[in-house]
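**Q** Take any residue in the sequence shown, note its place counting from 1, add 171, and you have its number in this note's numbering. We treat Cβ as the ideally placed atom computed from N, Cα and C, and that holds for glycine.
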Amino acid sequence: MDKNIDKNNEKIKKMEELIREIEKHNYNYYVLDNPTISDSEYDKLYYSLVDLEKETGIILPYSPTQRVGDTVLEGFTKKRHEVPLYSLNKVRDFSDLEEWCNDMRKVDKTTDFAVEYKFDGLNLVIEYENGLFKSATTRGNGSIGEDVSLQVKTIKTVPLQIKFKGRLIVQGEGMMTNKSFAEYNKTATEKLKNPRNAVAGAIRNLDVKETAKRNLDFFCYSILLCEGEKFTTQKQMHEFLVENGFQTGNYFKICTDVKEIIHCINEIDLVKSKLDVMIDGMVIKVNNVAPREDIGFTAKFPKWAIAYKFEAQEATTLLKNVVWQVGRSGRVTPIAELEPVELAGATIRRATLNNIDDIRRKDVYINARVFVRRSNEVIPEIMGLAEKNENSVKIVEPDLCPCCKSKLVKRGPLLYCENHLGCRDQVVDRLSHFTSREAFNIEGLSEKTIEALYDNLGVRKESDLFKLKLEDLLKLENFQEKKSKNIINSLQNSKNVEFYRFLLALGIAEVGVKTAKDIAKHFKTLENLKNASKEEILKIDDIGEIIADNIYNFFKERYNIDEIDSLFGCGVKIKEVELLQTNPNITDKTFVLTGTLTKPRGEVETLIESLGGKTSSSVSKNTDYVLAGESAGSKLDKARALGVRIINEEEFNDLLKN
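(1) Return the CA-CA distance between K654 and T620, expressed in angstroms with no decimal places.
(2) Here's a check: name, in chain order, each residue in its chain whose Cβ is nearer than 8 Å to the Cβ of L571, leaving out the five neighbours to either side.
(3) With contact counted as at least three CB pairs below 8 Å, one residue from each stretch, are the region 722–737 and the region 601–620 in contact?
(4) Take the Cβ of I394 as the centre, count every other Cβ of all protein chains shown within 10 Å, and call the residue buried at 16 or more, exposed below.
(5) Where does I608 land, buried or exposed, given buried means 16+ other C-beta within 10 angstroms?
(6) If you count every other CB in all the chains shown that lies within 10 Å of the CB of N590, and 16 or more means buried, which is it?
(7) Alpha carbon to alpha carbon, how far is V494 from K640? Give it in angstroms, no decimals.
(8) Quick one: is I519 buried, meaning 16 or more other Cβ sit within 10 Å of its Cβ, or exposed?
(9) Can you say whether K809 is buried or exposed, counting buried as having 16 or more other CB atoms within 10 angstroms of its CB?
(10) Determine the extent of the beta strand (DSSP E) in which T488 is found, giving its start and end residues.
(11) How would you write the range of the alpha helix (DSSP H) that E114 sits in, first residue to last?
(12) Give the range of the alpha helix (DSSP H) segment to which K701 is assigned.
(13) Closer than 8 Å by C-beta to G783: which residues in its own chain qualify, once you throw out the five before and the five after it? Chain order, please.
(14) Determine the contact status of F304 and K324, defining contact as a CB-CB distance below 8 Å.
(15) Since A708 and D689 are thought to touch, with beta carbons under 8 Å apart, how far apart are those beta carbons, to the nearest angstrom?
(16) To the nearest angstrom, how far is it from the Cα of G678 to the Cα of G501?
(17) Bridge partners for S444 per DSSP, in chain order?
(18) If you draw a straight line from the alpha carbon of R816 to that of T227, how long is it in whole angstroms?
(19) Less than 8 Å separating the beta-carbons of C426 and D283?
(20) Beta-carbon separation of L339 and C397 under 8 Å?
(21) Excluding sequence positions up to five away, which residues of its chain have a Cβ less than 6 Å from the Cβ of S351?
(22) If D334 sits next to N415, beta carbons under 8 Å apart, how far is it from one beta carbon to the other, in whole angstroms?
(23) Can you check DSSP and say which residues form a bridge with S306?
(24) What do you get for G311, buried or exposed, if any count of 16 or more other CB atoms within 10 angstroms of its CB means buried?
(25) Going by DSSP, what residues sit across from F423 in a beta bridge?
(26) Put E548 into one of helix, strand or coil per three-state DSSP.
(27) State buried or exposed for P232, treating a residue as buried only when at least 16 other CB atoms are found within 10 Å of its CB.
(28) So what does DSSP say about D388, is it helix, strand or coil?
(29) Can you tell me the Cα-Cα spacing of E508 and I550, whole angstroms?
(30) I need the straight-line Cα distance from V541 to K443, nearest angstrom please.
(31) With a 10 Å radius around its C-beta and 16 neighbouring C-beta atoms as the bar for buried, classify P366 as buried or exposed.
(32) Counting Cβ pairs, one atom from each stretch, are 3 or more of them under 8 Å apart for the region 375–386 and the region 423–438?
(33) Write down the C-beta distance between T767 and E801 rounded to the nearest angstrom, noting that I regard them as a contact closer than 8 Å.
(34) Please state the DSSP three-state secondary structure of K565.
(35) Do the region 284–303 and the region 455–470 touch if we need at least three Cβ pairs shorter than 8 Å?
(36) Indicate whether N538 and V567 have their beta-carbon atoms separated by less than 8 Å.
As structure tokens, this is what we get:
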């Protein structure tokens, strides 16, 4: 018995520690508008407390799990909510979601479910009377909020007059779109950290002019009170809001079962990083209003609604150091070395910082905690400062190249090493790109081998590779005759190269595989491209000003033209671009290839493109076909979730024949 008491006492002690930490972060987030941990880290603390309360059966009276909202700021007029505000309970996985759906069906067997975005902004309540805007209030603690009527009236997506003439109280989210956030930061003297913090700061600003400058939005999703109107479904409420001029977001779906709900969640999970608004999950509600009263509420949540939160994409961690790296173009870039942190299914140790202006704008330091964000298939990026301390150190821009110690040249916010042939890292990176599978595809020339060629055989340029002889390679350590012959043969075999691969190999800034293919299709020959004006280059789909400038300027530099001539002098030839007769089953269709096919994947992609089709590396709602071979992986799951047509090689061959 004593042992059990001791164990419970230890757990209560742990609960008190968690409560203190959670309350500290609540104060930082809601009162100071200065969060020091990410949402995922906060959720971890919160659910640890929830689990301990379940284990012990004890809930301390001051536990944050018993609070609907948070602290109300001093300095604003306090206002009591006519309709109490509730939070949303969250599910952690699809099995919990299925369990919730089954519970709802026990009360109402016929109900379907409404699925909407879970916006990540600032909760607002707006009241209308006689068709006119009356007031706006923040959520506050769920019972009392802050009157922010003047601030909210600056939001252009908040209607000041509506069709409905009775009393109306609606709930929604104050948001700053990514577009507005980027536009504001272009000219702001003090840059904003992220759109979510930007909204809180704007609405809680007593200077209404400052609120207006941030060009906020309001997304409405709930009707708290509507005199004289009776709604039977969530869909009717949604339609009422739209009819009265409220912005609701571009996503509202009715689902009949949990499978359809999961499909919606997966569909948005794939594209959420491309949306103009920040969302952190999806909200699912019982569509029928009548059974909601029977389903009921807890002290904090409506039982008839649930939130499914996406996997965390943002976390905080320690920025341990910044190293400056020189790439193939000579550009010197800062790379942040981080204390390892788990994020979106990966362990993150490094992240990009872009340039010194980016570092200053984000106000980050070595030995400080920073926000790190990782979107789908995107390199992790540091978003801003979370917390610094007495050991934090300012990041200093280097004067000399980190590799060859040449004096660096600054162009705008960017640093460049102009030692084009004598900077080892720059040359090795450039040659590695040139020989890569997507470019000249020269087998046997790993980065380590290229370093040996640089150090021992004076290889500095792409054309130097084709001047290598067998006896040269045999001089190198660990290079036997067979290995050396294979490299020489691979060099010879690579000389007859497709136009797009040749363009890619040149290393023009911002020109990847897809852009290289688009250029090759459009211009057909290198001569046409070399003589093209910038305006002609801009005619190609998806090529903007920056890439057009990069391409145009590349062919105006004497060094680049001389090196291209040297490549041709070494026997390199560009294959003519041939466009076969188009196939209506393939033309303008987008294919994603996954798994092991009977033919090399590159060969199949080339065939699709020669017939007027397109290929992509990732599945999206714009994908027409997923061509699946053996051992197909996650792309197949995504295709199923999005309802994209999946075909095998036999079906693909039928498309070719027909």
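**A** Looking at the coordinates:
(1) Counting from one through the sequence shown, the residue named residue 654 turns up at place 483. Counting from one through the sequence shown, the residue named residue 620 turns up at place 449. Pairing K654 with T620, the inter-Cα distance amounts to about 11 Å.
(2) As a first step, residue 571 is located in the sequence shown; it is residue number 400 there, counting from the start. Excluding sequence neighbours, L571 sits near S577, K578, L579.
(3) No contact exists between the region 722–737 and the region 601–620.
(4) Walking along the sequence shown from the start, residue 394 turns up at place 223. Looking at its Cβ environment, which holds 16 or more other Cβ atoms inside 10 Å, I394 is buried.
(5) Counting from one through the sequence shown, the residue named residue 608 turns up at place 437. In the sequence as displayed, the identity of residue 608 is Arg instead of Ile. Exposed.
(6) Against the sequence shown, residue 590 aligns to sequence position 419. Taking all protein chains in view, the Cβ of N590 is crowded by 16 or more other Cβ atoms within 10 Å, so the residue is classified as buried.
(7) Here the question's residue 640 lines up with position 469 in the sequence shown. Here the question's residue 494 lines up with position 323 in the sequence shown. Between K640 and V494, the alpha-carbon positions lie close to 37 Å from each other.
(8) Along the sequence shown, one-based indexing puts residue 519 at 348. Buried, since its Cβ has 16 or more Cβ neighbours within 10 Å.
(9) Within the sequence shown, residue 809 is the residue found at index 638, counting from 1. The residue is buried, with at least 16 neighbouring Cβ atoms inside 10 Å.
(10) Your numbering for residue 488 matches position 317 in the sequence shown. Note, T488: beta strand (DSSP E), 485–497.
(11) The displayed coordinates of the chain run from 172 to 829. Any statement about residue 114 would go beyond what the structure contains.
(12) Position 530 of the sequence shown holds residue 701. Secondary structure note for K701: its alpha helix (DSSP H) is the uninterrupted segment 697–701.
(13) Stepping through the sequence shown from its first residue, residue 783 is reached at position 612. Result list for G783: L750, T753, N754, I757, T758, D759, in chain order.
(14) As a first step, residue 304 must be located in the sequence shown, where it is residue number 133. As a first step, residue 324 must be located in the sequence shown, where it is residue number 153. Going by C-beta atoms, F304 is nearer than 8 Å to K324.
(15) Walking along the sequence shown from the start, residue 708 turns up at place 537. Walking along the sequence shown from the start, residue 689 turns up at place 518. Looking at the sequence provided, one finds Ile at residue 708 rather than Ala. Not confirmed; about 10 Å, so no contact.
(16) Within the sequence shown, numbered from 1, the residue matching residue 678 stands at position 507. Within the sequence shown, numbered from 1, the residue matching residue 501 stands at position 330. Taking the straight line from one Cα to the other gives about 11 Å.
(17) Translated into the one-based positions of the sequence shown, residue 444 becomes position 273. Answer by DSSP bridge pairing: none, since S444 is not bridged.
(18) Taking the first residue of the sequence shown as 1, we reach residue 816 at position 645. Taking the first residue of the sequence shown as 1, we reach residue 227 at position 56. Using only the alpha carbons, I get a separation of about 50 Å.
(19) On the sequence shown, position 255 is the one that residue 426 refers to. On the sequence shown, position 112 is the one that residue 283 refers to. The answer is yes: Cβ separation under 8 Å.
(20) Here residue 339 corresponds to residue number 168 of the sequence shown, with the count starting at 1. Here residue 397 corresponds to residue number 226 of the sequence shown, with the count starting at 1. Contact flag set, yes.
(21) To locate residue 351, count along the sequence shown from 1; it is residue 180. Cβ within range, chain order: N386.
(22) Taking the first residue of the sequence shown as 1, we reach residue 334 at position 163. Taking the first residue of the sequence shown as 1, we reach residue 415 at position 244. The amino acid at residue 334 is misidentified as Asp; the sequence shows Lys. Separation of the CB atoms of K334 and N415 is rounded to 5 Å, and the pair is thereby assigned contact status at 8 Å.
(23) Within the sequence shown, residue 306 is the residue found at index 135, counting from 1. Looking at the DSSP output, S306 bridges to E298.
(24) If you number the sequence shown from 1, residue 311 lands on position 140. With at least 16 other beta carbons inside 10 angstroms of its own, G311 counts as buried.
(25) In the sequence shown, residue 423 corresponds to position 252, counting from 1. In the DSSP output, where bridge partners are listed per residue, F423 has E287.
(26) The residue you call residue 548 lines up with position 377 of the sequence shown. Confidence in E548 is poor, its pLDDT being 46 and thus under 50, which makes the residue's placement unreliable; the coordinate value appears in the next sentence. In the structure shown, E548 adopts coil according to DSSP, grouped into three states.
(27) By one-based count along the sequence shown, residue 232 stands at place 61. That one is exposed.
(28) Taking the sequence shown and counting its residues from 1, one reaches residue 388 at position 217. Reduced to three states, the DSSP call for D388 is strand.
(29) Translated into the one-based positions of the sequence shown, residue 508 becomes position 337. Translated into the one-based positions of the sequence shown, residue 550 becomes position 379. When rounded, the separation of the alpha-carbon atoms in E508 and I550 is 13 Å.
(30) Start at 1 with the first residue of the sequence shown, and residue 541 comes out as number 370. Start at 1 with the first residue of the sequence shown, and residue 443 comes out as number 272. Each residue's Cα considered, the two are about 23 Å apart.
(31) Numbered from 1 along the sequence shown, position 195 holds the residue referred to as residue 366. Classification of P366: buried, given that the 10 Å Cβ count is 16 or more.
(32) No contact exists between the region 375–386 and the region 423–438.
(33) Position 596 of the sequence shown holds residue 767. Position 630 of the sequence shown holds residue 801. Rounded, the Cβ-Cβ distance is 5 Å, consistent with contact.
(34) Reading the sequence shown from its first residue, position 394 is the one you call residue 565. Reduced to three states, the DSSP call for K565 is coil.
(35) Output reads yes: the region 455–470 touches the region 284–303.
(36) Counting from 1 along the sequence shown, the entry for residue 538 is found at position 367. Counting from 1 along the sequence shown, the entry for residue 567 is found at position 396. It is not a contact, given that the beta carbons lie outside the stated cut-off.
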